[in-house]
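In what follows, a structure is listed as structure tokens, so that the remarks can point back to it.
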Amino acid sequence: KQEVTQIPAALSVPEGENLVLNCSFTDSAIYNLQWFRQDPGKGLTSLLLIQSSQREQTSGRLNASLDKSSGRSTLYIAASQPGDSATYLCAASGGGADGLTFGKGTHLIIQP
Amino acid sequence: GAVVSQHPSRVICKSGTSVKIECRSLDFQATTMFWYRQFPKQSLMLMATSNEGSKATYEQGVEKDKFLINHASLTLSTLTVTSAHPEDSSFYICSIFKNTIYFGEGSWLTVV
């Protein structure tokens, strides 16, 4: 059974810093890996999706990498802003017909 | 615009009553929908996979007689929490898969 772990559980940094969020998964036979953002009391916002054949994806200040062999993914946030404060979740998919396995998330606070 | 619509977004019900949450696919037919649950400060956990025209597949530890799932059409799946208890208070969210994964806005259930 797939297990997804996110480190750190919480992170607080000053505005402007670059930061890295880590995600590891136990079963490397994934279909894709996805990063989401969740604001307090809200649903999920999809940030980046990396297919199993890909190594990384970029969107604006966000860059996500995937290393299937080591069972790891990282989300890199450049030039962090207070508006980036949220919980970031990574989720692994075993296939289109399978549900997602989520990590517990990293609660990020960007200090103005 | 939204691909998946979930209703209600928030609901409060009395202990012992039942409450129904709807998940609608707005743009295309969805033979499979997924239901997740998220307790406070926990990650999202897959509850069940809803299959159009057949019985839902429940994850281990999820009571199928308590969480009734009906997927009677290709655009609608419903989750009914029966005989709700305060410990059922949670965030419930659905998703569909069509080349990628789309999530609904989620439903906050509070049982008093």
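Protein sequence lines correspond, in order, to chains A and B. Heads up, the numbering used here is the position in the first sequence plus 233, with the first residue counted as 1. Heads up, the numbering used here is the position in the second sequence plus 35, with the first residue counted as 1. The beta carbon of each residue, even a glycine, is placed where N, CA and C say it ideally should be.
- In terms of Cα proximity to His340(A), the closest of Gly332(A), Ser286(A), Cys323(A), Glu289(A) is Cys323(A).
- Apart from sequence neighbours up to five positions away, the residues of its chain that approach Gly304(A) with a beta-carbon distance below 6 angstroms are Ser257, Phe258, Ser261, ordered along the chain.
- By the criterion of at least three beta-carbon pairs nearer than 8 angstroms, the segment 42-60 of chain B is not in contact with the segment 292-300 of chain A.
- Leu266(A) is not a Cβ neighbour of Ile136(B), given a cutoff of 9 angstroms.
- Interface annotation, Ser40(B): not in contact with chain A, CB-CB separation never under 9 angstroms.
- In the structure shown, the three-state DSSP call for Asp300(A) is strand.
- Beta-bridge analysis with DSSP links Ala325(A) to Leu266(A), Thr334(A).
- Rounded to the nearest angstrom, the gap between the Cα atoms of Ser292(A) and Leu280(A) is 8 angstroms.
- Residue state for Pro247(A) is assigned as strand, using DSSP reduced to three classes.
- For Gln290(A), the uninterrupted beta strand (DSSP E) run begins and ends at 289-292, by DSSP.
- Contact between the segment 94-114 of chain B and the segment 313-327 of chain A is absent: fewer than three C-beta pairs spanning the two stretches fall below 8 angstroms.
- Per the C-alpha coordinates, the member of Ile47(B), Gln95(B), Lys49(B), Gln73(B) positioned closest to Cys129(B) is Gln73(B).
- Interface flag for Gln267(A) against chain B is set, since a Cβ pair is found closer than 9 angstroms.
- Taken in chain order, the complete beta strand (DSSP E) segments of 3 residues or longer contained in the segment 70-95 of chain B are 79-86.
- Using a Cβ distance threshold of 9 angstroms, Val237(A) and Thr334(A) count as a contacting pair.
- Under the DSSP definition of a beta bridge, Gln344(A) partners with Pro247(A).
- It is roughly 6 angstroms from the alpha-carbon of Gln77(B) to the alpha-carbon of Lys337(A).
- Spanning the alpha carbons of Arg59(B) and Ser40(B) requires a straight line of approximately 5 angstroms.
- Going by beta carbons, Pro241(A) and Gln344(A) fall outside the 9 angstroms limit.
- When DSSP reads this structure, Ala319(A) sits in a beta bridge with Leu341(A).
- Look at Glu122(B) here: in three-state DSSP terms it is helix.
- Linking Pro121(B) to Gln287(A) through their CA atoms gives a straight-line distance of about 43 angstroms.
- Ala325(A) and Thr67(B) do not touch by the CB rule: their CB atoms are close to 18 angstroms apart, not below 8 angstroms.
- For Ser60(B), no chain A residue has a Cβ inside 9 angstroms of its Cβ, as the nearest lies near 15 angstroms away.
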